[in-house]
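In case it helps, numbering that gives the first Met the number 0 puts the sequence shown at residues 0 to 487. Just so you know, even glycine gets a beta-carbon here, dropped at the ideal spot from N, CA and C. These figures come from a predicted structure and were not determined experimentally. Written out below as structure tokens is the structure these notes cover.
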Amino acid sequence: MKPSQFVFYSSLAFITGIFLDSFFSLPRFFFLFLSLFGFLSLFLSFKEKKILFFLIVFSFFFLGILRHQQYQTKISSNPLKKLNHSEEKIELVGQVDEEPKVEGKTTKLVVKVDKFQGKVLVTTRRYPEYRFGDKLKIFGNLKEPPSFPEFNYADFLAKEGIFSVVDFPKIEKVGERKSSFRGLLFSFKEKFKEKSEEFIPPPQIGILEALIFGDETKISKDWKEKLNLTGTRHITAVSGMNITILCYLILNFVLIFGFWRREAIFISLFLIFLYVLMIGMPPSALRAAIMGSLFLLAQYFGRFSFGVRPVVFAAAFMLFLNPLLLKSDLGFQLSFLAVLGLVYFQEYFFDLLKKVPNPSFFPARNTLAATFSAQIFTLPLLVYNFGKMPLYSPLTNLFIVPFLPHLTILIFFFGLLVILFYPLGFLFSFPVYLFLSYLTFLIGLFSKFPFSSLSFKISPIFLFLSYLLLVFFAWKVRERQKTKFLFP
């Protein structure tokens, strides 16, 4: 067996181990039984290569369980977590570790505490304003993050190293942020948003800031509902699925300018990581960019198997660093599934839609193939989490998604120019506004159609069966592609 196959199956086994322990909390005696069985079988099977291979892969399954349990133990014994629900108010000193999130009249701050290995989520009034890197002294009562029947908020925060919350504490600013690369990125982002708001009115400015930065603060509840109904909410989030589709579309956009395919792939990789850099390198976007980049590299090598194996290996590596991502990070789940969808189904849908025109200025066939491929693997998970299935999503995305690379690049030029050379930025604001108005018009139009979405819940068993069916479908597609290659 080739080394790449060994790495693939070992990574898959490791992910499976983390999955089982995440959702079923395997008891310690099961863990002990596996270890005894594994070591005994390994000792008896050195002469049988196939059995030895199976047992080594099995050991990675065992290591996945071990890694998840070890990470959970580390969280439960965290000193900061032990201060939750203390009757006395606690004084903490730390730095604002992420960009503050404004929500109506309140602001949420993620503060990295100096004396403890962990972070605190602080809810405070909108004013006075605090910025990334500010050093704060906080005095208040720490609490466990609340949990809800359908959403484990504590696990969601724990994956980011946040173990405590504190509401409206006494805050004293004891230091300004120091100059840092990440601080410069956030300063650029703040200036970008400030200048953009001078030229672009709502609701277009809300779509712009959400599209580029994943910031939905300026999108009203009414517009959020319209985005949900039309299946276009993904364009307003720096999500795994969005970045994955964007990787593919940027590649097609760069090819329009006459570059060789391999040159276009490396230019696309550069543009994607520049995009992640300019939005402040949030971990979710960085993980999604890595997944999307692996799909582009599969295009570079022109090998199907290359596309699948590195994606699984990258997922295993990310889960080794943070095993909680598998259960508690929807963005990670969507980016992983969207890339697998593109790898398995993009060519299949491209052939299936051969009657759809595909001119370079409006690559409808490429867009539909990419959108269907990504959405077919992510749809069951989205319906399971949100309980809605937008019926007009393919049609709406057909008229919106092809323009996203053009609009994203145009907005970046607009943002740079409006900061560096105001008059030229003013001129660029007109095409940006027209593009955004086109998006808002289509979203508003399709949201008014009758039966724009179906609302229903699916059970975990139905979710499992859906993915079992998709895996079988993917296998059939792969076999068909092999046959096509041998007998065109």
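Item: Local conformation of residue 354 per DSSP, three classes; Value: coil
Item: Closest residue to residue 12 among 366, 56, 21 (Cα-Cα distance); Value: 56
Item: Closest Cα partner of residue 197 within the set 440, 444, 413; Value: 413
Item: Nearest to residue 174 (by Cα), restricted to the options 277, 355, 137, 401; Value: 137
Item: Paired residues, beta bridge with residue 110 - DSSP; Value: 95, 119
Item: Residues sharing a beta bridge with residue 400, DSSP; Value: Beta-bridge pairing links residue 400 to no other residue.
Item: Beta-carbon separation (whole angstroms), residue 272 vs residue 288, contact threshold 8 Å; Value: 6 Å
Item: At least three beta-carbon pairs within less than 8 Å, the stretch 109-121 to the stretch 82-97; Value: yes
Item: Cβ-Cβ separation, residue 452 to residue 225 (assumed contact under 8 Å), whole Å; Value: The Cβ separation is near 11 Å, so there is no contact.
Item: Reduced DSSP secondary structure (H/G/I, E/B, other) of residue 135; Value: strand
Item: Limits of the unbroken alpha helix (DSSP H) element including residue 155; Value: 152-157
Item: DSSP three-state assignment for residue 141, whether helix, strand or coil; Value: coil
Item: Own chain, CB closer than 6 Å to residue 89, minus 5 neighbours either side, in chain order; Value: 82, 141
Item: Outcome for residue 335 when other beta-carbon atoms lying within 10 angstroms are tallied against a minimum of 16; Value: buried
Item: Assigned secondary structure, residue 130 (DSSP; H/G/I helix, E/B strand, else coil); Value: coil
Item: Beta-carbon contacts of residue 133 that lie in its chain and below 8 Å, excluding the five residues immediately before and after; Value: 94, 95, 172, 174, 175, 176
Item: Residue range of the unbroken beta strand (DSSP E) whose run includes residue 174; Value: 169-174
Item: Span separating the alpha-carbon of residue 478 from that of residue 229; Value: 34 Å
Item: DSSP state of residue 166 mapped onto helix, strand, coil; Value: strand
Item: CA-to-CA distance, residue 342 to residue 352, given in whole angstroms; Value: 17 Å
Item: Start and end residues, alpha helix (DSSP H) containing residue 379; Value: 363-385
Item: Candidates 459, 206, 348: closest to residue 435 by CA position; Value: 206
Item: Environment of residue 308 [buried if 16+ CB atoms lie within 10 Å]; Value: buried
Item: Three-pair Cβ contact test at 8 Å for the stretch 147-159 versus the stretch 317-324; Value: yes
Item: Alpha-carbon spacing of residue 210 relative to residue 183, whole angstroms; Value: 21 Å
Item: Residues near residue 14 in its chain [Cβ-Cβ closer than 8 Å; skip 5 each side]; Value: 63, 311, 314, 315, 318, 325
Item: Boundaries (first-last residue) of the beta strand (DSSP E) holding residue 215; Value: Residue 215 -> no beta strand (DSSP E), and no H or E assigned at all.
Item: Neighbourhood of residue 100 by C-beta distance below 6 Å, restricted to the same chain and skipping five residues each side; Value: 107
Item: Exposure of residue 389, with buried meaning 16 or more beta-carbon neighbours within 10 Å; Value: buried
Item: Contacts around residue 345, its chain only, beta-carbon distance under 7 Å, and the 5 residues preceding and following it disregarded; Value: 368, 369, 372
Item: Contacting residues, own chain, Cβ-Cβ under 8 Å from residue 418 (five flanking each side not counted); Value: 187, 190, 191, 194, 424
Item: Residues near residue 216 by beta carbon distance below 6 Å, same chain, minus five either side; Value: 101
Item: Helix, strand or coil at residue 459 according to DSSP, with G and I counted as helix; Value: helix
Item: Beta-carbon proximity check, residue 264 vs residue 276, cutoff 8 Å; Value: no
Item: Contact belief for residue 122 with residue 167 at Cβ below 8 Å, rounded distance in angstroms; Value: 6 Å
Item: Given residue 403 as reference, the closest of 376, 379, 231, 472 once Cα atoms are compared; Value: 231
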